[in-house]
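Novice: For the sequence shown, UniProt numbering assigns the number 1 to the initial residue and increments by one for each residue that follows. Just so you know, even glycine gets a beta-carbon here, dropped at the ideal spot from N, CA and C.
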Amino acid sequence: MWSTECQRTVDLPAEDLWETWIKVLSGEIELPQGDRYEPREPVGPGASITMTPEGQDSIEITVIRWEPPHVQADRVSYGGVELTFTHSFMPAQTQGKSVVTTRLDIDGPGADDVGPTIGPGIAEDFPQAIDSLVEAARVDM
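(1) For T117, is the classification buried or exposed, using 16 other Cβ atoms within 10 angstroms of its Cβ as the cut-off for buried?
(2) On a CA-only basis, which of Q56, V100, I29 is nearest T86? Give me that one, please.
(3) Going by C-alpha distance, which of T52, V24, L104, Y37 is nearest F126?
(4) Measuring CB atoms only, is the segment 28-45 touching the segment 106-121, in the sense that at least three cross pairs come out at less than 8 Å?
(5) In three-state terms, what does DSSP make of A73?
(6) Runs of 3 residues minimum, wholly inside the segment 41-110: which ones carry the beta strand (DSSP E) assignment?
(7) Taking the alpha-carbon positions, what's the D74 to I122 distance?
(8) In chain order, what residues of the same chain have a beta carbon less than 7 Å from the beta carbon of G96, not counting five sequence neighbours either side?
(9) Does DSSP put S26 in a helix, a strand or coil?
(10) What is the residue span of the beta strand (DSSP E) that E124 lies within?
(11) If you measure between the beta carbons of residue 165 and T102, is that distance less than 8 Å?
(12) Just the C-alpha distance for S98 and S58, rounded to the nearest angstrom, thanks.
(13) Once you ignore the five residues that flank P69 on each side, which residues in its own chain have a CB closer than 7 Å to its CB?
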């Protein structure tokens, strides 16, 4: 297995970040230079969503973890491996702050070889994506 993550502590409650993230997943809002999401059904456990990364072809993701208002994860098969994206919004120890984490796990046969090849390119926009989500949550409040 190969993994990477990006984490930020922000001055917003986890619930506000979660609500904004669900609007992104539902296709209600689109983050600047971000992926576009088009759900085939209501967003929740087992939901199938068409995700179109900016400048790339669409892929089908499936929600595999759903723990409102803190954790959502989705998975896609790609080139013989499974890519799992986990988005978490956890309260920080400081009142009114949250820790936002976006994590990528690449698993399956050959993941140790494929992960270092494709993973960094996939994850390179995680910091920008988190910053865009935080900004959208501020506007949405």
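Specialist: Taking the coordinates as given:
(1) exposed
(2) The shortest C-alpha to C-alpha distance from T86 to any of Q56, V100, I29 is the one to V100.
(3) Closest by C-alpha distance to F126, out of T52, V24, L104, Y37, is L104.
(4) Two segments are said to touch when three or more pairs of C-beta atoms, one from each, lie closer than 8 Å; by this definition the segment 28-45 does not touch the segment 106-121.
(5) strand
(6) 48-52, 59-67, 71-78, 81-91, 98-107
(7) 14 Å
(8) D11, P13
(9) S26 falls in the coil class under three-state DSSP.
(10) No beta strand (DSSP E) contains E124, which DSSP labels as neither H nor E.
(11) Residue numbering for the chain in the displayed model covers 1 to 141; residue 165 lies beyond these limits and cannot be assessed.
(12) In this structure, the straight-line span from the alpha carbon of S98 to that of S58 is close to 31 Å.
(13) A14, E15, W18, F89
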